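For reference, the structure is listed below as structure tokens.
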Amino acid sequence: MRQSKLFGRTLREAPAEAQTPGHRLMLRAAIAKPLAAGLYTWLPLGFRVAKKVEQIIREEQDRIGAQEMEMPVLTPADPWKQTGRWEMLEPITFRTTDHNGREFMVSYTHEEFVHLHAMQEIQSYRQMPQIVYHFQSKGRDEARPRAGLLRVREFVMKDAYSFDVDQAGLEKSYAAEYGAYERTFKRMGLDAISVESDTGAMGGDVAHEFQVLTEVGEDRIAICANCDYRANLEKATRHMEGQRARADVVPAPTQIATPGTESIEALEASLNQPKHAFLKTLLFRDQSGKVVAVVLPGDRDVNEAKLRKTLATGEVKFASDADFAAAGAVRGYIGPVGLKARVLVDTGVGGGGYTAGANKKDAHLRDVVLGRDFQGERVDASDVREGDVCPKCKVGRLTIKRGVEVGNIFAYGTYYSDKMNATFVDEDGTRRPFFGGSYGIGVGRAVQTIIETHHDDKGIIWPPQVAPFDVHVLALPVNDDAVRAAAEKLVADLESRGLDVLYDDRNESAGVKLADSDLIGIPIRATVSKRNLAEDKIEIKQRHVAEPLMVKSLEAVSCIETFDAEKLKWRG
RNA sequence: CGGGGCGUAGCGCAGCUUGGUAGCGCGCAGCGUUCGGGACGCUGAGGUCGAGAGUUCAAGUCUCUCCGCCCCGACCA
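Residue numbers (the numbering used here): 535 to 1106.
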């Protein structure tokens, strides 16, 4: 490929909107360009990378016996309505109608449709296990696309779907995908770790996200310093340390005057006690308008994701003044004792005496004890934070890191097959629902995450397995006949050996060509110059190695082939 | 959806406070000189100043409405 013909120019300066290093490099190196908020065009260089990433995913799916197929982007409404997702997904999906008024949705994922197909194609338990997958565009009308390809509104996802006869089978398929994901990310140069994740409003109890830890990530991950516990903050829990004083040695609650102290911070200051000596009581209202109180240790914040899951609701909001009045509470002085509302008590609340709001203006109660002075459902509703004790080993401390979710695997069981009455005939002749799982990888997000984690101050450093080209050949200067002839011979020799070559034949200065070469980040650069040709030499430099190598012209091809062979070790 | 910021040439920006001929750098085109780290000279092309309405003799600049984009938060299997 002659660079003078390449569709896509490099930029000396990145557009102002680009914030993360990977986003800036993606735009500067002509990998992809925005068309509208959250909608990107792959330019030829980026498209080549995307295809290589896809191919790695494909090979690893095929390796575990998954079969590639393809379902449409545009999907009819009825199956969505059958599972309740037509309503649920309304805020984040693109919809349209055809000329007859039939409703369609740009697919968000394809569980409904793969189940429809499974009902038709899989009649008997003998035909399972089955895993099918496709690469297909997904539409998500995200409220806030961000950071280039990291969060977009249309993107190609590899989504795989497994069908098994029972939970045990599902677990095997899940494990197979888990292994495929580990190999897939490693092969594309991503250091992805698996973390426990929230299964969201979909139910099901097993889900993992594959996260690449980087500052630009938008997810927060709790990681144990001692064992292998890793969980998304939406799901992470902590080990509760010790127990506070037992209830039987705590005197009965007494009211204390606390004029003007409406926050934990104010109580901490005026009573000179630590935050965790208080109870924080928050009043929420769910999607259907039901009001619930959440009681937490004073030093903890509520985790809305956990709370939504507990309440099985799509949304929680802070309660209104009317809700406070109905619960017999006063803003700033709300407490669980005598509260007229459903009460959830965070598992972080211990057995000892706390100071809590008295539900009267300017008053609090001291020596309030859970189980004696108030009752409530025990739930995990609080945030885990840096320094908490690991719930698994009960020894290590948790640290919080940011990550990009490059893939997820999710065992949902019979969630869809129950709703859609998707069944097969089992060994004993009875009809049973499929046990399913789904497994996604976002291609574009993976590409940008590779850039985010593989660059220096000059540009991208592509892992060779996903690089847009294997070799970058530079001619300095291109209008010198001998240089051009030598460069074009080298290009021809390399191509005849099956290498993909980008040949910089542009009539540009050396500085421009070298800077562009560093920016684009092809793993191997061969520079043919007037200076080196005088000694019958060619300079070969690996992008990730600082020092170039000078080799005899005749040895250039074999040297490059040796370097290029490094990518083979990733085939696994 | 809440908060903040920004829309002027392909990209980066100045001009707006105080209304009066639309600018700079990069990039682009032509010619020439250069050629190992984003070279140089000369010439040139390129603008509905996001859109609409208003105020005014006169609007890139002031007012209003709308649209778009970015950031933080909310939301997001």
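Each residue gets a CB set at the ideal place from its N, CA and C atoms; glycine is no exception.
Owing to the predicted nature of the structure, the values given are computational and were not obtained by experimental measurement.
Excluding its 5 nearest sequence neighbours in each direction, M603 has C-beta neighbours in its own chain below 6 Å: V666 and H668, listed in chain order. The beta carbon of G572 sits closer than 8 Å to those of E676, P679, R685, V686, R687 and E688, all from its chain and outside the five residues before and after it, given in chain order. The Cβ-Cβ distance between V929 and T881 does not fall below 8 Å.
The shortest CA-to-CA distance from A945 to any of K992, Y708 and Q670 is the one to Y708. Per DSSP, F647 is one residue of the alpha helix (DSSP H) stretching across E645 to E655.
When only Cα atoms are considered, D753 and E939 end up about 7 Å apart. Using a Cβ-Cβ distance cut-off of 8 Å, the segment 1011 to 1026 and the segment 1050 to 1063 are in contact, since at least three pairs of beta carbons, one from each stretch, lie closer than that value. Boundaries of the beta strand (DSSP E) harbouring E637: E637 to V640, taken from the DSSP string. When DSSP reads this structure, P568 sits in a beta bridge with Y574. The segment 805 to 818 and the segment 950 to 963 do not touch, with fewer than three beta-carbon pairs separated by less than 8 Å. In chain order, G947 and F969 place their CB closer than 8 Å to the CB of Q701, counting only its own chain and leaving out the 5 sequence neighbours on each side. Assignment of M722 by DSSP, reduced to helix, strand and coil, places it in the coil class.
For D1070, the secondary structure class from DSSP, reduced to helix, strand or coil, is coil. Considering only V783, H1006, V1091 and A1049, the residue with the shortest C-alpha distance to L545 is A1049. Around the C-beta of Q654, fewer than 16 other C-beta atoms lie within 10 Å, and the residue is accordingly described as exposed. Counted as a single uninterrupted DSSP element, the stretch harbouring Y763 is not any beta strand (DSSP E), since DSSP gives it neither H nor E. The straight-line gap separating the alpha-carbon atoms of P555 and G905 is approximately 53 Å.
Contact check for M691 against G974 passes: the beta carbons are separated by less than 8 Å.
In terms of Cβ geometry, L830 and A853 do not form a close pair [threshold 8 Å]. Counting only runs of at least 4 residues, the segment 920 to 977 fully encloses the following alpha helix (DSSP H) elements, listed from N- to C-terminal order: 949 to 954. Sixteen is the threshold: when 16 or more other Cβ atoms of the shown chains lie within 10 Å of the Cβ of R721, as they do, the residue is buried. The DSSP-derived three-state label of A1099 is helix. Here H1078 has I995 as same chain residues with Cβ atoms under 7 Å from its own Cβ, once five neighbours each way along the sequence are excluded.
The beta carbons of A681 and H557 sit closer together than 8 Å. Secondary structure of L1010 (DSSP, three-state): strand.
The beta-carbon separation of L540 and R979, rounded to 25 Å, does not stay under the 8 Å limit for a contact. Between the alpha carbons of D1052 and G1045 lies a gap of roughly 11 Å. For R674, the three-state secondary structure derived from DSSP is coil.
A straight line joining the alpha-carbon of P998 with that of E1073 spans about 19 Å. Beyond the five residues adjoining it in sequence on each side, K935 comes within less than 7 Å, by CB distance, of L747, I755 and I757 in the same chain, given in chain order. Counting only the Cα atoms, E730 lies some 40 Å from D1034. The count of Cβ pairs closer than 8 Å, one atom from the segment 859 to 870 and one from the segment 886 to 895, reaches three, so the stretches are in contact.
Within the model, the alpha-carbon separation for K814 versus P625 is close to 32 Å. Judged by beta-carbon spacing, K1103 lies beyond the 8 Å limit of V1085, meaning their Cβ atoms are not closer than that value. By the CB criterion at 8 Å, G869 and L899 fall inside the cutoff. Going by beta carbons, V902 and V879 fall outside the 8 Å limit.
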